[in-house]
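Chains as they are written, first to last, in the numbering used here: chain A, 952 to 1062; chain B, 594 to 704.
Glycine included, C-beta positions come from ideal geometry on N, C-alpha and C.
All remarks here apply to the structure that follows.
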C-alpha cells in the first residue's frame, strides 16, 4: 500500500545551524504534502504545506521543497532556535480522506 | 472557534473496563480520524469517517469501535480495556487536501 518514509528519525543540530528532514512517498497520485510539529504533550500542528503544482514554499525560517519526479519532499529550517526542538511529521494526501504519515523526526537543538 | 475538542484529557482504566473518548469539531469538516500514539512513536490510524453515518477501519482497529451520527461528533469506544491500549489518543478532522486539525489528546492508562 501507500507509504511515506521519513529520515532521519533523530536529528541533532547546533543552535543557529540549519536542519533538513526528508520524506519519500510511494503514491504518484499524492498531491498535498503537509508538515506538522508536535511539542511534548500536545497534538501535532501544521507548520507548512505544499501542493503538487508548486516546487518550493517558504514561511520565514521554514521552507518545504517538492520533487515530484523523485517523489520526495523536504523540510528546511534555517537559523534553528531552542523552540524548534520537537517531533516533526511529514504526510502525503490525495484528493480524498487518505493522509499517510511519516514515522516522525525528533529534532534536538543543542545550545 | 474551538476547533477539535477531546475529552477527557486523562483517564485511568482497570483491565476489562469500558469507556468512550469524546471528540467534537465545529469546523463542519467531513473527514474525522482517531489515532493512537505510543511513547516515542508515530501516529497509527484506528478508525476514520468520511461523513455522518460512514465509518471505516484504519490499521489498528481491534478493541475499538466508533460511530458518527452527526458531522460534529466522532466518539471512540473502548470495550474490555487491555494494557496494550495504554496510549495517547488523538482525534483529527479536515476536508480533502487541506490541513488536519488535531485535538489536544487523551492520555489513557490501563492498569
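- Message: For a test of the three-state rule: what should DSSP assign to residue 1007/A, helix, strand or coil?
- Response: In the three-state reduction of the DSSP assignment, residue 1007/A falls in the strand class.
- Item | Span of the beta strand (DSSP E), counted from its first residue to its last, around residue 658/B | Looking at the DSSP string, the run of the beta strand (DSSP E) that includes residue 658/B is 657-659.
- Message: Could you compute how far the alpha carbon of residue 964/A sits from the alpha carbon of residue 1037/A?
- Response: Taking C-alpha positions only, residue 964/A is separated from residue 1037/A by approximately 12 Å.
- Message: Let's see if you can read the secondary structure: which residues bound the beta strand (DSSP E) around residue 1018/A?
- Response: Its beta strand (DSSP E) spans residues 1013-1018.
- Would you mind telling me which residues of chain A sit closer than 7 Å to residue 693/B, beta carbon to beta carbon, in chain order? Chain A residues near residue 693/B: 1050.
- Partner residues on chain A for residue 698/B, Cβ-Cβ distance less than 7 Å: At a beta-carbon threshold of 7 Å, the residues of chain A lying near residue 698/B are 994, ordered along the chain.
- Message: Taking the straight line between their C-alpha atoms, what separation do you get for residue 1040/A and residue 675/B?
- Response: Rounded to the nearest angstrom, the gap between the Cα atoms of residue 1040/A and residue 675/B is 28 Å.
- If you draw a straight line from the C-alpha of residue 605/B to the C-alpha of residue 953/A, how long is it? Just so you know, the alpha carbons of residue 605/B and residue 953/A end up roughly 35 Å apart.
- Message: How far does the beta strand (DSSP E) with residue 1024/A in it extend, from its first residue to its last?
- Response: Element bounds for residue 1024/A: 1023-1028.
- Task: Pull up the DSSP beta-bridge partners for residue 997/A, would you.
- Result: Per DSSP, 987/A.
- What's the gap between the Cα of residue 1006/A and the Cα of residue 1016/A? One C-alpha to the other measures close to 6 Å.
- Would the beta-carbon of residue 1042/A fall within 9 Å of that of residue 987/A? Residue 987/A sits close to residue 1042/A, with the two beta carbons spaced by under 9 Å.
- Query: CB-CB under 6 Å to residue 685/B, same chain, minus the five flanking residues each way: which ones, in chain order?
  - Reply: The residues are 626, 693 and 695.
- Query: Buried or exposed: which applies to residue 617/B, given that a residue is buried once 16 or more other Cβ atoms fall within 10 Å of its Cβ?
  - Reply: Burial is judged here by how many other beta carbons sit within 10 angstroms of a residue's own beta carbon; residue 617/B has at least 16 and is buried.
- Listing by chain order, which chain D residues have their CB less than 8 Å from the CB of residue 635/B? Absence of chain D from the displayed structure is noted, the protein chains being A and B.
- Query: If the cut is a Cβ gap below 7 Å, which residues of chain A does residue 643/B touch?
  - Reply: The answer, in chain order, is 1048.
- residue 690/B versus chain A: which residues are under 9 Å apart at the beta carbon? Going along chain A in sequence order, the residues near residue 690/B (Cβ under 9 Å) are 982, 983, 1002, 1044, 1045, 1046 and 1047.
- Which residues bound the beta strand (DSSP E) around residue 683/B? Here the beta strand (DSSP E) through residue 683/B covers 680-687.
- Task: Following the continuous beta strand (DSSP E) through residue 644/B, name the residue where it begins and the one where it ends.
- Result: The continuous beta strand (DSSP E) containing residue 644/B extends over residues 637-644.
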